[in-house]
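Engineer: I am attaching a structure below and will ask some questions about it afterwards.
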Amino acid sequence: MDRIPILKMGPFLLVTIQVDLYDRLALTLENDLISMVSKTGARGVLIDISAVSIVDSFMGRILGNIASMSRIMDAETVVVGMQPAVAITLVELGLTLQGVYTALDVEKGMELLQDKIGIFEDPEQDKEGPDDSDD
Amino acid sequence: MTKDTMQIVREQDVVPFRNRVREMCTKIGMSLVNQTKLITAASELVRNMLKYANGGKVIMETVSKNAQAGIRLVFTDEGPGIADIQQAMRDGFSTGKSLGLGLPGAKRLVSDFDIKSTPGEGTTVTIIHWKNGR
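First to last, the sequence lines map onto chains A and B.
Under my numbering, the first residue of the first sequence carries the number 445, and numbering increases by one thereafter.
Under my numbering, the first residue of the second sequence carries the number 1227, and numbering increases by one thereafter.
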């Protein structure tokens, strides 16, 4: 069976969707991602949809589900690389991807994730950061 | 004028169907945004066909009006039909567990949208999208 590969990069999971997803593939990805978040303790999920030419309400719901499920498991989700035509279509369709963070490209998405996680880790860093006290 | 019919019986048929529609759009020189709108609307409608009627068929053809080219897609199924079309066309209404954006969303995305349904016999949805998107 076809599967979308999920890459682990530090505290993040990286998914690049390179094909137009049919339903079962999208559902498998949803499942795989959530199990990976659980298994690896990832703090962020980055989904690159720059090669996806069609996002319909089903696909939009999957993205929303992934974001909600990840959040419950203490990981943030960023969707990056949406094509302009897809964005225009989504808004007219009435799908606003609520609760899903977005960024223009992978680089900005990574920065956003780092920022999100930085906020949570700041107090801990102050406590256990020997580098800081040396300065 | 090309005319083509595709049977949609399983979800794996959706991607080839979308590709076929894209080919037709490209042939008449439709812009990427309008292609995306039409294909997204078509995707919602075939999904409905699969979900509620176990599939159906789509007739695809290029049409023209006042020198304007367009694409017409006719989705026909022999499913349970829709008892209350007005209700089905309302945003957020769904008898399934979806978001209820399919029908009203598809209507917003295309130039012309027509739906006819007879409970117990099936549903036919016809959409036309003109090259200029109007």
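Even glycine gets a Cβ: it sits at the ideal position worked out from N, Cα and C.
Note that the coordinates shown come from a computational prediction; the quantities given were computed from them, not determined experimentally.
Can you check whether the C-beta of V550/A is within less than 8 Å of a C-beta belonging to chain B?
Structural biologist: With 8 Å as the cut-off, V550/A does not count as an interface residue toward chain B.
Engineer: Cβ of Q1312/B less than 8 Å from any chain A Cβ?
Structural biologist: Cβ-Cβ to chain A under 8 Å: no for Q1312/B.
Engineer: Residue range of the alpha helix (DSSP H) that K1263/B falls in?
Structural biologist: 1258-1279 is the span of the alpha helix (DSSP H), which, as asked, contains K1263/B.
Engineer: Any residues in the region 517-535 of chain A with a beta carbon nearer than 7 Å to a beta carbon of chain B? Which ones, in chain order?
Structural biologist: So the close ones are A529, V530, I532, T533.
Engineer: With a cut-off of 8 Å, does the C-beta of T546/A fall near any C-beta of chain B?
Structural biologist: Closer than 8 Å: no.
Engineer: Give the straight-line distance between the Cα atoms of T1252/B and G525/A, rounded to the nearest whole angstrom.
Structural biologist: One C-alpha to the other measures close to 23 Å.
Engineer: Of all the CB atoms in chain B, is at least one closer than 8 Å to the CB of I498/A?
Structural biologist: Chain B, which has a Cβ nearer than 8 Å to the Cβ of I498/A, makes this yes.
Engineer: Of the residues T1344/B, G1346/B, I1308/B, P1345/B, which one's Cα is nearest the Cα of L1329/B?
Structural biologist: Ranking T1344/B, G1346/B, I1308/B, P1345/B by Cα distance to L1329/B puts I1308/B first.
Engineer: Considering Q1294/B, what are the terminal residues of the alpha helix (DSSP H) in which it resides?
Structural biologist: That residue, Q1294/B, is in no alpha helix (DSSP H); its beta strand (DSSP E) goes 1294-1303.
Engineer: Spell out whether any CB of chain A is found under 8 Å from the CB atom of Q1233/B.
Structural biologist: By this cut-off, Q1233/B is not an interface position.
Engineer: Whose Cβ in chain A lies nearer than 8 Å to the Cβ of S1290/B?
Structural biologist: Going along chain A, no residue has its Cβ under 8 Å from S1290/B, so there is no contact; the nearest lies around 24 Å.
Engineer: Who does M554/A pair with in a DSSP beta bridge?
Structural biologist: M554/A pairs with nothing; no bridge assigned.
Engineer: What residues in the region 501-518 of chain A have a beta carbon less than 8 Å from any beta carbon of chain B?
Structural biologist: Flagged, chain order: S501, F502, G504, R505.
Engineer: Comparing the C-beta of G485/A with each C-beta of chain B, is any distance below 8 Å?
Structural biologist: So, not an interface residue.
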